Amino acid sequence: MPEIDTCEISFIDENKVKAVQRNIPLEGTVNQLSVIFKLMGDPTRLKIILALSMEELCVCDIALLLGLTRSAISHQLRLLRGPRLVKFRRAGKLVYYSLDDQHVKHLLKDGLEHLSD
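Just so we're aligned, residue 714 is where the sequence shown starts under the numbering used here, counting upward by one.
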């Protein structure tokens, strides 16, 4: 017989609800976080982020790694720059991309650890 996964009676623990409610981020913050997870939810963009978690790379390097055009990679990188997932630096005629900060690397690490548990 399958186990029931919902309450059989209606009971609200108002103290718990209020405590959680006080700690849920504001709507704007939730929306920004949602954008980050949506961007990271695309396999191509996630591969780019994974590659950049290992090494600073130029668009040409990433295009070769993923078997895509430079134009396609540039488009994805523009999307990732918006919420500060990646950043770039110019070195002469080359533009190198890297993760914007260690928080992005931690998101990846935590996600991979979750999969291996």
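The C-beta atom is built at its ideal place from N, Cα and C for all residues, glycine as well. Keep in mind the model is a prediction, meaning the values are calculated, not measured.
{"Item": "For K800, three-class secondary structure by DSSP", "Value": "strand"}
{"Item": "Bridge partner(s) assigned by DSSP for S811", "Value": "K800"}
{"Item": "From L812, L777, I725 and L807, residue whose alpha carbon lies closest to that of L790", "Value": "L812"}
{"Item": "Contact under 7 Å by Cβ, I775 with I761", "Value": "yes"}
{"Item": "Cβ-based burial, L765 [other Cβ within 10 Å; buried from 16]", "Value": "buried"}
{"Item": "Proximity to D814 [Cα-Cα], best of K800, K822, G824 and E826", "Value": "K800"}
{"Item": "Residue from G741, D726 and G754 whose Cα sits closest to the Cα of L821", "Value": "G754"}
{"Item": "Residue nearest to L798 in terms of C-alpha spacing, selected from K818, G780 and K729", "Value": "K818"}
{"Item": "Extent of the continuous alpha helix (DSSP H) run through D774", "Value": "V772 to L779"}
{"Item": "First through last residue of the alpha helix (DSSP H) which encompasses E740", "Value": "E740 to M753"}
{"Item": "Endpoints, alpha helix (DSSP H) assigned at S766", "Value": "P756 to M767"}
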